[in-house]
Every structure is written in structure tokens, then in C-alpha cells.
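Mapping the sequence shown onto numbering that gives the first Met the number 0, position 395 (from 1) lands on 394, and the numbers just tick up by one. Following: one structure in C-alpha cells, then a few remarks.
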Amino acid sequence: MSKARQDQRNAAVDDLDALAALEKKVLWLASWTIHHANHLRESVDGLKVGGHQASSASLATVMTALYFHVLRPHDRVAIKPHASPIYHAIQYLLGRQTRDRLEAFRGYNGAQSYPSRTKDGDDVDFSTGSVGLGVAQTLFSSLVQDYVRAHGLAADRPEGRMIALVGDAELDEGNIFEAILEGWKQGLRNCWWIIDYNRQSLDAVIREGLWARYEALFREFGWDVVILKYGSLLQAAFNEPGGEALRQWIDSCPNQLYSALVFQGGAAWRKRLNDDIGDQGLVTRLLERRSDDALARLMTNLAGHDLPSLIEAFGSVDHDRPTCFITYTIKGFGLPFAGHKDNHAGLMTPAQMDLFQRSMKVRPGREWDRFEGLSLPSDRLQAFLERVPFAAGGPRRQRAPRIAVPAELAVARQAVTSTQAGFGALLNELGKTHTEFTRRIVTTSPDVTVSTNLGPWVNRRGLFAREAAADTFKSERIPSTFHWEFSPKGQHIELGIAEMNLFILLSALGLTHALDGERLFPIGTLYDPFIQRGLDALNYACYQDARFILAATPSGITLAPEGGAHQSITTPLIGLAQDGLAAFEPAFVDELAVVLAWAFDYIQREGDGEVSERTWLRDVAGGSVYLRLSTRPVEQVKRTMTPALRQAIVDGAYWLREPGPNCQVAIAYAGAVAPEAIQAVGLMGEDRRDVGLLAVTSADRLNVGWTAAQRARERGLVHARSHIERLLADVPSHCGIVTVLDGHPATLAWLGAVRGHRVRPLGVEHFGQTGSIADLYRHYGIDANAIVAAAQAIAPGRPIRHLKSLP
Ligand SMILES: Cc1ncc(C[n+]2csc(CCOP(=O)(O)OP(=O)(O)O)c2C)c(N)n1
Ligand SMILES: [Mg+2]
């Protein structure tokens with residue numbers, strides 16, 4: 000056992016009375032915050048802020064024990080979303096949250112309803128909100144912590160525990176189980192999940208006996224399970240004469256009945272217990288020794304509301320095995336609607352709050368005073384707070400220096416190749432160089448490493464595992480293209496198929512600069528359609544401002560014979576709409592090389608520069624990057640990359656063929672349909688003059704720039720011009736634009752709104768057909784012929800001779 004662990008274990012609470020007082024205060028402040036938001040702050044929208052009071056209360060004791068005693072500065076926590084008021088209250092007591100923000104809870108710039116890394120001011124470790132994701136995030140952050148240290152990074156920072164406070168109904172989310180399985184494969188350690196076993200979900204009381212399923216499941220996957228059921232009062236009562244009967248009654252009491260009795264209180268407990276186990280003997284006397292209030296206190300003294308039991312349980316973990324604590328609690332503990340099955344959205348009425356306030360001895364007007372109503376002297380409480388280990392480390396958010404990245408990435412030119420092959424080749428080249436930058440690249444893929452072309456990179460840099468494992472095929476001298484060797488130095492994390500895990504791992508890898516003070520360059524690959532499988536986790540990663548590069552390939556219907564089920568048509572719209580993710584769909588490998596080099600810089604940006612007048616993009620803040628790639632071999636353009644072209648590719652588009660002054664029609668294409676667009680221009684050449692061909696590398700960045708420039712002009716910056724506005728400036732207004740991509744046509748349809756050009760957007764609205772690329776492009780109307788037909792329709796003139804009649 001490490002010295003730090005030993006210290007932690009041995010540390011008894013030096014002032015349990017102070018801790019108990021703070022527990023009361025935490026519950027009070029959280030309740031008052033919600034009450035203030037609902038009843039006292041002027042409501043603009045008439046919306047109630049339910050869903051917090053009862054749900055928060057069940058974790059008040061656990062979180063008091065953790066934050067004021069158990070946690071160390073390097074531990075990281077994901078908190079059940081609805082416990083956010085408790086978290087904010089604790090940070091307020093620690094001087095890390097302001098009263099203003101609490102008063103504005105759920106309001107503009109106020110403390111967030113669900114803990115948020117990006118929007119809260121009080122150093123939230125992991126955002127939560129969409130249940131299940133924060134839980135899995137702690138598991139992957141543990142794996143990443145091991146990865147970082149195995150690579151000799153963050154060597155001077157102690158290992159932390161990654162802790163999730165999990166709602167019991169939250170465990171219904173499948174992504175949690177996907178994560179548990181992956182954790183088992185990867186040798187998870189330093190991870191605690193504390194299940195708030197209040198036996199209530201949002202709608203109702205949960206199924207009986209779930210704890211036993213959880214226990215079996217966690218043990219099966221190598222976790223230690225600690226069941227925290229009875230508090231110290233109950234344990235003492237069980238030792239009294241008649242106590243054993245009481246224990247048996249509790250153990251066999253259905254959740255619904257227990258909840259109902261909690262809600263009803265002491266007299267109801269007495270009646271029920273007397274009816275069920277009253278014996279005119281020992282049990283009856285055990286009950287009679289207690290007043291109604293004392294009986295209610297006893298029967299609700301579950302371990303999750305008992306500081307000594309919690310301190311003891313957390314303190315006695317002297318190993319780094321993953322540990323699940325099934326912690327019995329009561330939803331709404333300490334509040335009037337405790338245990339009521341409808342309490343999830345329950346709010347205390349002003350009258351109930353008044354009573355509660357009196358019982359807490361909080362004088363009107365002193366509601367926000369930190370020690371108001373507590374019987375211990377303020378200086379003693381203050382001294383206790385100043386000793387709290389969690390708060391000893393200063394700001395929790397780390398900063399990592401920027402790592403120099405190459406301005407250009409080299410790759411051997413091929414006459415005909417695909418963006419996916421180019422991606423593999425670019426990474427292979429990176430794999431040959433050993434710099435501070437390349438040693439921080441980490442790739443990961445959900446069982447599609449080889450099929451997304453990461454194989455050559457992995458051959459060079461190896462797979463990551465805490466324990467080395469040789470490739471048996473290699474040691475047996477069986478020829479194979481890929482070496483599959485694991486070691487602590489490996490730079491590829493191989494995942495099982497679950498895409499949710501991929502995105503949550505990327506989220507963990509993409510936060511190391513903030514969590515561990517070390518910058519990584521995470522690159523994840525997957526098949527494009529399966530972005531949708533993990534979309535909520537991708538959104539979550541972006542919401543947390545994790546930084547990573549996503550290479551999705553193959554994509555669209557262009558994967559043709561690969562199978563109709565795998566065709567993705569909505570992903571370009573996801574790229575367009577997903578906040579925090581800059582989406583690109585290059586057609587040529589030289590474009591991809593430019594975008595990738597830019598991406599390595601972009602993912603490191605942290606808002607420390609000026610907004611660019613030239614582009615009006617959010618380039619200053621940085622973000623993550625999504626590359627939609629293709630397996631289709633395409634004839635490459637022979638050209639020298641110029642700085643201007645480089646910039647245009649990053650900004651989202653350039654004229655592959657400038658429209659002339661007499662231009663009647665222009666074609667704007669994105670991605671793998673480049674050959675069709677080029678061919679269509681050729682077919683039209685004799686009958687339409689000066690046809691322009693716009694290569695769109697990022698519909699997303701074009702769109703963001705356009706929106707930003709409009710906003711800037713509306714704010715009075717009259718000279719603001721976006722890249723697309725400049726590109727379309729010289730296109731005559733009577734000119735029609737045909738847009739085309741292998742994806743939903745809406746992705747580019749908005750180009751018509753930029754300067755009022757007529758647009759005919761081509762793309763794919765239905766999917767599922769298999770065939771050759773030619774078959775499918777014809778079927779879905781994105782082949783050269785369809786482009787020409789659209790051009791003829793939108794820009795009437797003499798008939799285009801090469802237009803075949805459409806089938
Ligand atoms: C993915 C997702 N689905 C639904 C919700 C809405 N929701 C919030 S909390 C909750 C269940 C609460 O039950 P539990 O996890 O047991 O927490 P408790 O309220 O008992 O503390 C639900 C369904 C959500 N936040 N995220
Ligand atoms: Mg619950």
C-alpha cells in the first residue's frame with residue numbers, strides 16, 4: 000500500500016461534529032438554492048425547476064463525507080446530474096462558488112442545473128446530464144490516467160481516483176455496461192462507483208432486488224463490491240434484544256413499502272412494525288424505547304445517511320481495484336417528501352420551507368450565511384474547512400503548454416488514391432518520426448483499426464496495455480501484415496466495438512491537458528454511419544470541450560458494395576450542426592494533409608488570441624475535428640500547395656475552376672463525388688460558358704463563417720465578410736448553383752442564401768441500396784448526368800448536348 004493510501008486510510012475525521020454540522024448545512028444550502036430559483040427569484044418563463052430537491056438530498060451525506068474528508072486534490076468526480084445543487088453548496092462552503100451564482104441557479108450565468116465543466120465556475124471535473132455518460136467517463140479517465148503515466152507523462156502528479164456518484168436508475172443505461180466490459184479488458188483500477196441506492200427513479204420506485212444483480216455483475220467483472228446498508232444507529236439497534244427480528248423485517252421489506260413508511264413517519268413505522276413483528280416481548284420493547292421521532296430516525300438511518308459508516312467504508316479501501324459501493328439512501332432524506340414516489344420533481348412549498356428553515360435555525364435574511372444556525376462556533380467550522388484535503392491543491396483545472404506541431408504534413412503523392420488511404424499514409428509518416436509531438440499522438444478505434452487504415456501506424460507505434468503481450472503470430476513466424484504487440488509504450492488503444500466507448504475514451508483522452516496537465520493528440524477512427532451509434536457520447540465529449548480528431552470512414556453510399564446498411568447520409572448534417580466539432584470532407588489527399596496539420600494545432604487552441612477579421616470563425620477558441628473520409632480511389636489533382644490554397648481549404652472551399660464573367664451555372668461539390676462534378680463541368684463546357692467549380696472542403700466551416708460574419712455586421716462591423724461571401728461575390732446573380740455531395744442535400748443547400756443564387760441541391764435522401772458506385776450514384780441522382788440535368792434545369796439555355804436522358 001502506498002504511503003498516501005495509508006495516510007488516507009488512517010485518517011480519522013478529526014472533527015466529526017464539524018463534519019456533521021456541514022452535512023446539515025449542505026442540505027440546507029442546496030434546498031435553499033432550489034427554493035430560491037423556484038419561489039423567490041422572479042420567474043420569467045413560469046417554468047419550475049423541479050427534479051433536484053429530492054434527488055440531491057439523497058447524496059448530501061455521501062458528498063459531505065467525500066468532499067470534506069475522503070477526496071484528495073488529484074481525485075476526480077462525476078456527480079449524478081441532479082446532485083448539482085449539493086455540489087455547488089459544497090463548493091460554496093469551500094469558498095469556490097459565489098453566492099451570486101447560487102442565487103442565479105439555473106438562470107443566466109448562474110450555477111448550472113447539471114454540473115458543467117464548461118459553464119460552471121466552480122471547477123467541475125466532469126460534466127454530467129445525459130445519464131450514464133459521466134459514469135463511464137470516470138472509467139475511461141482512469142484508463143487514460145494509466146496511459147499518461149505509462150508514457151512517462153505527469154510523472155510528478157500523484158495518481159487520483161476517478162469517482163462516479165451514480166443514480167440507481169442511471170444504471171439502466173447500456174453504455175455503462177459497455178464501459179464495464181471494456182474496463183475489465185483493459186485492467187481498470189483507481190475507479191470508484193458509488194451507487195445512490197435510493198430505490199427510486201424519476202417516475203417511480205425501482206424493481207426489488209436490483210442490488211443483488213449489481214453485486215453479481217460487478218464482481219463478475221473484477222470489481223470489489225461494498226454494500227453499505229445500515230447506519231450506525233441501526234447496527235446498534237440490531238445488537239439490542241429483539242434487534243435481529245428488526246433486521247430481518249428490514250431485509251424483507253419491499254422498496255415501495257419502505258419508501259411509503261419513510262414518507263409517513265414515526266407513527267406509521269410503529270404501527271407497521273407492531274403489526275408485522277410486534278411480539279409483546281423483546282421487539283415490542285425495542286420499539287417502545289423510542290419516541291416516534293427517534294423511531295423514524297432509526298428506520299431511516301441507512302448507511303448512505305450515516306457519516307461514520309461512510310467514512311469507515313471509504314477509508315478502509317487500501318487497494319486500487321475498481322470498487323462499487325452500493326449505498327442505501329433515501330430520496331429526499333431530511334425533507335418533507337422523503338420517500339414519496341412522486342417526489343422527483345417535488346418542490347417544497349413556501350410553508351414547508353418555512354418549517355424546514357426553522358428546524359435548521361436559519362434566521363430570515365441569513366439564508367446564505369455559511370454557518371448560520373449551526374451550534375458549533377464559526378471559527379471551528381472555518382478551521383475545519385481550511386483543513387479539507389480536497390481543497391488543498393489550488394485550482395483543479397490544469398494547463399498544458401502547447402506542443403509545436405508541423406506546419407505541413409508530408410505524404411508521397413499517388414496518382415489515384417482515396418482519402419482513407421491518404422489518412423493511413425499520413426499517419427504512417429507520422430509514425431516514422433519521434434518528436435515531442437508524435438510521442439503524444441494516441442489513436443484508438445472500436446475494432447476497426449485495420450479497416451480504417453490505422454494498421455501501418457499501429458505497426459510502428461504498437462498497442463497500449465499496462466502489461467506487455469507479444470504477438471503470437473509474429474513469434475510463431477506466421478506471415479501477417481499487422482503486428483499486434485501490446486506494451487505500456489504503445490500508442491494505440493484498441494477498443495471493443497461499442498462506439499459509445501470510443502467517444503467517451505476520446506473525451507477522456509481529449510481532457511488530459513485540463514485533468515493531468517499533459518497534452519495528448521487523440522485520434523479516433525470508426526465507420527462513418529456509427530457516429531450515430533455514439534452520438535450522445537460524441538455530443539457529451541464536445542460539451543466538455545474535450546479535444547480530439549475523429550476520422551470516419553468509409554462514408555456515404557460511396558462505400559457501395561460494402562452494404563446498404565452501412566451507408567451514412569445524415570453525418571454531414573451532424574458535422575454541420577455539432578457544436579465544438581469542425582467537420583471536413585476533403586476530396587483529395589493534399590487537402591486532407593492540410594486539414595490534418597491544421598487540426599493538430601486547432602485542437603490545442605484555448606481562446607487566447609484575437610477573433611480573426613478575415614474569417615469571422617471561432618478559430619480562437621479551438622475545438623475538435625471530424626474528418627469524413629472515403630475509400631473511393633480518386634484521381635488526384637496535380638498542383639503545388641500554396642499558402643492561399645492551404646488557407647482556403649481550412650476555411651472550407653476554393654474554386655477548383657474559377658467561374659468566368661459569363662458564368663450561367665456553377666457546381667459546388669464536397670468529398671468523394673469530385674470526379675462526377677469535374678466530369679459534369681466537362682460535359683457542359685460546350686453549351687454553358689465559364690462554368691465554375693467550387694470545391695467544398697468544409698460545409699461546416701463555411702457555414703460557421705457566414706453566420707459569424709452576418710452577426711458581426713449586425714453588430715456594426717460593416718466590413719465583416721466571410722469566406723463563402725467572398726467566393727460567391729463574383730458569381731453573377733442570375734447564375735444557378737448545383738450543389739452535390741454523398742450525403743444529405745441540405746448540407747450545401749444553404750449556399751443559395753449567401754448571395755441569393757438559385758440552388759439545386761443534389762445529395763442522398765434515401766439509403767440502403769447496394770451496387771457499384773456508378774449504379775448507386777445513378778440511382779440516387781448524384782452522378783455527372785444528374786448534375787448536368789440539374790444545371791440545365793436551373794440555368795436554362797440551349798440544350799446541353801451531352802446530357803443523356805435520365806433513366
Ligand atoms: C439519457 C437520459 N435520459 C433521461 C434523462 C432524464 N432523467 C434524469 S434523472 C433520471 C432518473 C433519475 O433516477 P436515478 O438515476 O435513480 O436518480 P435519483 O433521482 O433517484 O437520484 C432521468 C430519467 C436524462 N437525464 N438522461
Ligand atoms: Mg434513484
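Yeah, the Cβ is synthetic: ideal placement off N, Cα and C, and Gly gets one too. Quick caveat: nothing in here was measured; it's all calculated off a predicted structure.
Can you tell me whether DSSP reads residue i as helix, strand or coil?
{"i": "residue 161", "result": "strand"}
{"i": "residue 541", "result": "helix"}
{"i": "residue 779", "result": "helix"}
{"i": "residue 813", "result": "Since the first and last residues shown for the chain are 0 and 806, residue 813 lies out of range."}
{"i": "residue 806", "result": "Residue placement at residue 806 is poorly supported in this model, since its pLDDT is 49, which falls under 50; the coordinates still yield a value, given next. Residue 806 falls in the coil class under three-state DSSP."}
{"i": "residue 76", "result": "strand"}
{"i": "residue 8", "result": "Legend: pLDDT at residue 8 = 45, less than 50; position of this residue unreliable, no value from coordinates given."}
{"i": "residue 799", "result": "coil"}
{"i": "residue 479", "result": "coil"}
{"i": "residue 515", "result": "coil"}
{"i": "residue 391", "result": "helix"}
{"i": "residue 691", "result": "strand"}
{"i": "residue 85", "result": "helix"}
{"i": "residue 582", "result": "strand"}
{"i": "residue 720", "result": "coil"}
{"i": "residue 374", "result": "coil"}
{"i": "residue 406", "result": "coil"}
{"i": "residue 66", "result": "helix"}
{"i": "residue 589", "result": "helix"}
{"i": "residue 565", "result": "helix"}
{"i": "residue 634", "result": "strand"}
{"i": "residue 445", "result": "strand"}
{"i": "residue 192", "result": "strand"}
Please indicate yes or no: does the CB of residue i lie closer than 7 Å to some heavy atom of ligand 3?
{"i": "residue 200", "result": "This structure lacks ligand 3; the ligands present are ligand 1 and ligand 2."}
Under 8 Å, do residue i and residue j count as touching if we go by C-beta distance?
{"i": "residue 533", "j": "residue 498", "result": "yes"}
{"i": "residue 452", "j": "residue 422", "result": "yes"}
{"i": "residue 484", "j": "residue 462", "result": "yes"}
{"i": "residue 442", "j": "residue 530", "result": "no"}
{"i": "residue 736", "j": "residue 722", "result": "no"}
{"i": "residue 32", "j": "residue 87", "result": "yes"}
{"i": "residue 167", "j": "residue 198", "result": "yes"}
{"i": "residue 329", "j": "residue 225", "result": "no"}
{"i": "residue 191", "j": "residue 165", "result": "no"}
{"i": "residue 188", "j": "residue 141", "result": "yes"}
{"i": "residue 494", "j": "residue 444", "result": "yes"}
{"i": "residue 115", "j": "residue 81", "result": "no"}
{"i": "residue 59", "j": "residue 85", "result": "yes"}
{"i": "residue 170", "j": "residue 213", "result": "yes"}
{"i": "residue 265", "j": "residue 295", "result": "yes"}
{"i": "residue 174", "j": "residue 133", "result": "no"}
{"i": "residue 147", "j": "residue 517", "result": "yes"}
{"i": "residue 56", "j": "residue 306", "result": "no"}
Check the C-beta distance from residue i over to residue j and give it rounded, since I have them as a contact under 8 Å.
{"i": "residue 79", "j": "residue 195", "result": "6 Å"}
{"i": "residue 535", "j": "residue 129", "result": "6 Å"}
{"i": "residue 781", "j": "residue 634", "result": "No, residue 781 and residue 634 are not in contact; Cβ-Cβ is about 18 Å, not under 8 Å."}
{"i": "residue 628", "j": "residue 745", "result": "Not confirmed; about 21 Å, so no contact."}
{"i": "residue 121", "j": "residue 96", "result": "4 Å"}
{"i": "residue 504", "j": "residue 492", "result": "7 Å"}
{"i": "residue 681", "j": "residue 665", "result": "The pair is not a contact, with the Cβ atoms about 15 Å apart (cut-off 8 Å)."}
{"i": "residue 17", "j": "residue 380", "result": "6 Å"}
For the 8 Å Cβ check, are there 3 or more pairs between the stretch 64-74 and the stretch 383-395?
-> yes
Tell me, please, whether the stretch 507-527 touches the stretch 481-488 by the rule of three or more beta-carbon pairs shorter than 8 Å.
-> no
Kindly confirm or deny that the stretch 232-242 and the stretch 321-338 touch, where touching means at least three C-beta pairs closer than 8 Å.
-> no
Is the stretch 612-621 close to the stretch 394-402, with three or more CB pairs under 8 Å?
-> Too few Cβ pairs lie closer than 8 Å, so no.
Determine, using beta-carbon pairs with one atom in the stretch 178-192 and one in the stretch 535-542, whether at least three such pairs fall under 8 Å.
-> Put simply, the stretch 178-192 does not touch the stretch 535-542. Fewer than three CB pairs are less than 8 Å apart.
Would you check if there are 3 or more beta carbon pairs closer than 8 Å linking the stretch 91-110 to the stretch 469-479?
-> Remark: fewer than three beta-carbon pairs, one from each stretch, lie closer than 8 Å, so the stretch 91-110 and the stretch 469-479 are not flagged as touching.
Given 8 Å, three or more beta-carbon pairs between the stretch 582-596 and the stretch 752-764 = no
Stretch-stretch touch, CB-based, cutoff 8 Å, three pairs: the stretch 60-70 with the stretch 354-367 = no
Check whether the stretch 768-785 touches the stretch 641-661, taking contact to mean three or more Cβ pairs, one atom from each stretch, closer than 8 Å.
-> No, the stretch 768-785 does not touch the stretch 641-661.
Taking three-plus beta-carbon pairs below 8 Å as touching, is the stretch 639-646 in contact with the stretch 673-690?
-> Taking a contact to require three or more Cβ pairs closer than 8 Å, the stretch 639-646 and the stretch 673-690 do not qualify as touching.
Inter-stretch contact (C-beta, 8 Å, three-pair minimum) for the stretch 575-582 and the stretch 687-698 | yes
Pairing CB atoms from the stretch 708-717 with CB atoms from the stretch 596-606, are three or more of them under 8 Å?
-> Three or more beta-carbon pairs separated by less than 8 Å are not found between the stretch 708-717 and the stretch 596-606, which leaves the two stretches without contact.
Validate contact between the stretch 154-174 and the stretch 285-296 using beta carbons, cut 8 Å, 3 pairs | no
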